[in-house]
Amino acid sequence: MSGIWKIIIRNLSYQKLRTALTLLGIVIGIAAITSMVTIGNALESSISEQFEKIGTDKIIITPGSPTSFGFSSAAFSTEKLK
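Going by my numbering, the letters in the sequence shown line up with residues 6 to 87, in that order.
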């Protein structure tokens with residue numbers, strides 16, 4: 006097994022630029038995935054927190070017709086359920 010490691014190290018040392026660029030690509034990929042997971046978890050926590058603030062005894066009803074981007078945000082209101 007030690008002979009294989011010697012061959013690996015020798016080949017990596019012959020092509021230093023390719024090795025460095027490959028390592029850089031791996032590091033950037035790991036950082037991007039870690040960042041996306043972190044941002045996703047933060048957004049999920051933020052949205053859950055906002056739903057908890059609204060409460061489970063309320064419903065949001067929006068009058069009017071939808072716009073091209075969804076419902077108008079000015080029409081939102083909350084009414085407490087009885």
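Built from N, CA and C at the ideal position, the CB exists for glycine as well. Because the structure is a prediction, the values reported are computed rather than measured.
At which residues does the beta strand (DSSP E) containing ILE66 begin and terminate? For this step, residue 66 is matched to residue 61 along the sequence shown. Taken as a continuous stretch (DSSP letters only), ILE66 belongs to no beta strand (DSSP E), as it is neither H nor E.
Are there any heavy atoms of the ligand MG lying less than 8 Å away from the beta-carbon of ILE31, as far as the coordinates show? In the structure on display, the ligand MG does not appear, and there are no ligands present to speak of.
In the DSSP assignment, the alpha helix (DSSP H) including GLN145 goes from what residue to what residue? Residue 145 lies beyond the residue range present for the chain, which begins at 6 and ends at 87; the question has no answer from this structure.
Between the beta-carbon of ILE59 and the beta-carbon of ILE66, is there less than 9 Å? In the sequence shown, residue 59 corresponds to position 54, counting from 1. In the sequence shown, residue 66 corresponds to position 61, counting from 1. No, the pair does not count as a contact, with Cβ atoms beyond the cut-off.
Could you tell me the alpha carbon to alpha carbon distance between LYS11 and LYS21, rounded to whole angstroms? Residue numbering aside, residue 11 sits at position 6 when the sequence shown is read from its first letter. Residue numbering aside, residue 21 sits at position 16 when the sequence shown is read from its first letter. Answer to the nearest angstrom: the Cα atoms are 16 Å apart.
Just to confirm my understanding: we take LEU17, look at its own chain, exclude 5 residues before and 5 after, and list those with CB closer than 6 Å. What are they? Here residue 17 corresponds to residue number 12 of the sequence shown, with the count starting at 1. THR24, listed in sequence order.
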